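*Asks:*
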Amino acid sequence: MARDSDAHDGEETDRRLVGGWEGRYYEDFAVGDVYKHPYGRTVTETDNVWFTNLSMNLNPMHFNEAYAAETEFGERLVDGTFVIALAVGMSVIDVSANATA
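Throughout the sequence shown, residue numbering follows the working numbering, covering 4 to 104 in sequence.
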């Protein structure tokens, strides 16, 4: 395993950079491991509005563009539940692809 170096002072830490195989088993995990996910995802306005309506989140901050424009943020906010779902989905390849029920 590659060692992770601290971004501030270049010293080595106890963390391991983990990658290179899919679907780890329980015994493959170690405290302090750092997982570099191979995939990224851009969240679009369509993703946000679709998920907000699908989950029946009625807060206009997430789906009403005119309302959101008048707030301190000036635009719609991404539904936090969508962010969590996306993060969990992206982690499957690393942490649970071999899981059995």
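For every residue, glycine included, the Cβ atom is placed at its ideal position computed from N, Cα and C. From a predicted model like this one, the values you see are computed outputs, not experimental measurements.
On the DSSP letters alone, give me the boundaries of the alpha helix (DSSP H) that Phe66 sits inside.
*Replies:* First-last of the alpha helix (DSSP H) with Phe66: Pro63 to Phe66.
*Asks:* Count the other CB atoms within 10 Å of the CB of Phe32; is the residue buried (16 or more) or exposed (fewer)?
*Replies:* Under this definition Phe32 is an exposed residue.
*Asks:* Give the range of the alpha helix (DSSP H) segment to which Asn56 is assigned.
*Replies:* Unbroken alpha helix (DSSP H) run through Asn56: Glu48 to Leu57.
*Asks:* Since Gly92 is in the alpha helix (DSSP H), which residue starts that stretch and which ends it?
*Replies:* From DSSP, the alpha helix (DSSP H) with Gly92 extends over Gly83 to Val98.
*Asks:* Roughly how many whole angstroms lie between the Cα atoms of Thr74 and Asp97?
*Replies:* Distance between the alpha carbons of Thr74 and Asp97 is about 38 Å.
*Asks:* Specify the secondary structure class of Tyr42 as computed by DSSP and reduced to three states.
*Replies:* Note: Tyr42 maps to coil in three-state DSSP.
*Asks:* Is it true that the CB of Phe54 sits closer than 7 Å to the CB of Phe85?
*Replies:* Yes, the Cβ-Cβ distance between Phe85 and Phe54 is below 7 Å.
*Asks:* Here's the rule: buried if 16 or more other CB atoms are within 10 angstroms of the residue's CB, otherwise exposed. What is Arg44?
*Replies:* By the neighbour-count rule (16 or more Cβ atoms within 10 Å), Arg44 is not buried but exposed.
*Asks:* According to DSSP, is Glu30 helix, strand or coil?
*Replies:* It is helical.
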